[in-house]
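Visitor:
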Amino acid sequence: MTRGPLRIVVVHPDLLGTYGDGGNGLVLLRRATWRGYDATLVQAPSHEPLPPGDLYCLGGGEDGPQVRSATELIEDGRLVRAVEDGAVVFGVCAGFQLLGTTFPDARDQPRAGLGLLDLVTRKGPGPRAVGELTALIGADGPPSADGAPWPKLTGFENHGGVSTLGPGSRPLARVETGVGNGDGSGIEGAWSGRVVGTYLHGPVLARNPALADLLLSWAVGESLDPLDDHDEEALRAERLAAARSAS
Ligand code: GLN
Numbered sequence: 097m098t099r100g101p102l103r104i105v106v107v108h109p110d111l112l113g114t115y116g117d118g119g120n121g122l123v124l125l126r127r128a129t130w131r132g133y134d135a136t137l138v139q140a141p142s143h144e145p146l147p148p149g150d151l152y153c154l155g156g157g158e159d160g161p162q163v164r165s166a167t168e169l170i171e172d173g174r175l176v177r178a179v180e181d182g183a184v185v186f187g188v189c190a191g192f193q194l195l196g197t198t199f200p201d202a203r204d205q206p207r208a209g210l211g212l213l214d215l216v217t218r219k220g221p222g223p224r225a226v227g228e229l230t231a232l233i234g235a236d237g238p239p240s241a242d243g244a245p246w247p248k249l250t251g252f253e254n255h256g257g258v259s260t261l262g263p264g265s266r267p268l269a270r271v272e273t274g275v276g277n278g279d280g281s282g283i284e285g286a287w288s289g290r291v292v293g294t295y296l297h298g299p300v301l302a303r304n305p306a307l308a309d310l311l312l313s314w315a316v317g318e319s320l321d322p323l324d325d326h327d328e329e330a331l332r333a334e335r336l337a338a339a340r341s342a343s
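Just so we're aligned: the sequence shown equals residues 97 to 343 in our numbering.
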């Protein structure tokens, strides 16, 4: 039985493709097609209007391209309208910061984000946060797709920005190892409705299939068949051991 169709859009890979987060779109595509969904993966360059989609992925990028991406997305308007119509949005690092209300440019001047998350990002006072990051999704995080307890999140962070949640956003997770949002709250990432942001690269959805399935279950509007995640579990075990030995 074919289910769907499901359109997964990687937003501005020419600007937000620095950290390999485009892989998140591929993971979502595979996990959807393995389950029989008629899913397509669309690369959406910044010089074209943003195409229609059910699930949008934004990746990490450098300060200048991040400003250009945010400016294009605000002018285009589709991403905000899509969220109002129920689309799922997943942002990583620069893509997380620009979903908030403001973030700093390369000269440390505040720039407007999309306001899809109640979140302000500033330049951090200390050195850039670089390294393995692990975090735990708790009671204020989104419920998992299969109702099971959340496995630990694992990924790699690389950012100078420090992010603070406002009352309209909830913490995605609590930092176990690493920095995360970095504002002293111990929080990693944010979520509100069907919009999720995180500092985790990896790509994070390759390292955390449960997070991929949360986004997919929101996008398709039903519970998902289980998959054999044997290989993904081996990757997780290796990366979680690396984080333990680095901390
Ligand atoms: N330029 C942003 C920062 O340094 C985002 C970096 C990234 O996407 N990895 O905070």
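C-beta atoms are modelled at their ideal positions from N, C-alpha and C, and glycine is treated no differently.
Using 8 Å for Cβ pairs, my map puts I283 next to P263. What's the rounded Cβ distance?
Guide: Actually they do not touch by this definition, with Cβ atoms about 13 Å apart.
Visitor: With a CB to CB cut of under 7 Å and the five nearest residues on each side skipped, what residues in its chain are close to S240?
Guide: Same-chain partners within the cutoff: W246, A306, L310.
Visitor: Quick one: what's got a C-beta closer than 6 Å to N254's C-beta in the same chain, skipping five residues either side?
Guide: Within the same chain, N254 has close Cβ partners V226.
Visitor: For the region 115 to 151, list the beta strand (DSSP E) runs that are entirely contained and at least 3 residues long, ordered along the chain.
Guide: The region 115 to 151 contains these whole beta strand (DSSP E) runs: 133 to 140.
Visitor: Consult DSSP for V176 and reduce its assignment to one of helix, strand or coil.
Guide: If DSSP states are grouped into helix, strand and coil, V176 belongs with the helices.
Visitor: Give me the Cβ distance between V185 and G251, rounded to the nearest whole Å; I'm assuming they're in contact under 8 Å.
Guide: Going by Cβ atoms, the distance from V185 to G251 rounds to 18 Å, so no, they are not a contact pair.
Visitor: Compute the Euclidean distance between the alpha carbons of A208 and A244, then round it to the nearest angstrom.
Guide: Near 37 Å, if we compare the C-alpha coordinates of A244 and A208.
Visitor: Report the option in F192, V179, P238, A178 whose CA atom is closest to the CA atom of A166.
Guide: Cα-wise, what sits closest to A166 is F192.
Visitor: Is any non-hydrogen atom of the ligand GLN found closer than 6 Å to the C-beta of A208, if you look at the structure I gave you?
Guide: No; taking the cut-off as 6 Å, the Cβ of A208 has no heavy atom of the ligand GLN nearer than that.
Visitor: Which residue from T273, D321, H108 puts its Cα closest to that of A337?
Guide: Comparing Cα positions, the closest option is T273.
Visitor: What are the boundary residues of the beta strand (DSSP E) that includes W314?
Guide: Per DSSP, W314 belongs to no beta strand (DSSP E); it is in the alpha helix (DSSP H), 305 to 316.
Visitor: Along the beta strand (DSSP E) that carries H326, what are the first and last residues, could you check?
Guide: Element bounds for H326: not the beta strand (DSSP E) but the alpha helix (DSSP H), 326 to 342.
Visitor: The alpha helix (DSSP H) spanning A190 covers which residue range?
Guide: Segment 190 to 193, the alpha helix (DSSP H) holding A190.
Visitor: P145 and R177 look like a contact to me (Cβ under 8 Å); what is the Cβ gap, rounded to whole Å?
Guide: Their Cβ separation, rounded to whole angstroms, is 12 Å, which puts P145 and R177 out of contact at 8 Å.
Visitor: Have a look at R103 and V271 and give me their C-alpha separation to the nearest angstrom.
Guide: Their backbone Cα atoms lie some 32 Å apart in a straight line.
Visitor: Give me the Cα-Cα distance between C153 and A333, rounded to the nearest whole angstrom.
Guide: Whole-angstrom Cα-Cα distance: 25 Å.
Visitor: Could you check if P238 is buried or exposed, using at least 16 other CB atoms within 10 Å of its CB as the buried criterion?
Guide: Buried: at least 16 other Cβ atoms inside 10 Å.
Visitor: Check each candidate in L124, P141, G187 and name the one with the smallest Cα separation from Y133.
Guide: When only C-alpha atoms are compared, the closest one is L124.
Visitor: Quick check on the DSSP output: what are the complete beta strand (DSSP E) runs of length 3 or more inside the region 235 to 294, in order along the chain?
Guide: Runs of the beta strand (DSSP E) inside the region 235 to 294: 249 to 255, 257 to 261, 266 to 273, 283 to 288, 291 to 294.
Visitor: What are the boundary residues of the beta strand (DSSP E) that T198 is part of?
Guide: Note, T198: beta strand (DSSP E), 198 to 200.
Visitor: Can we say the region 103 to 116 touches the region 275 to 290, given the rule of at least three CB pairs closer than 8 Å?
Guide: Taking 8 Å as the limit for Cβ pairs, the verdict is that the region 275 to 290 does not touch the region 103 to 116.
Visitor: Check each candidate in G234, D214, V163 and name the one with the smallest Cα separation from P206.
Guide: Closest by alpha carbon: V163.
Visitor: Indicate whether at least one CB of chain B lies closer than 7 Å to the CB of G222.
Guide: Among the protein chains of the structure shown there is no chain B, as only one such chain exists.
Visitor: For the ligand GLN, which residues count as neighbours when the test is a C-beta closer than 5 Å to any heavy atom?
Guide: This criterion selects G156, D159, C189, A190, N254, H255, G256, G257.
Visitor: Mapping the DSSP letters down to three states, classify L112 as helix, strand or coil.
Guide: Coil.
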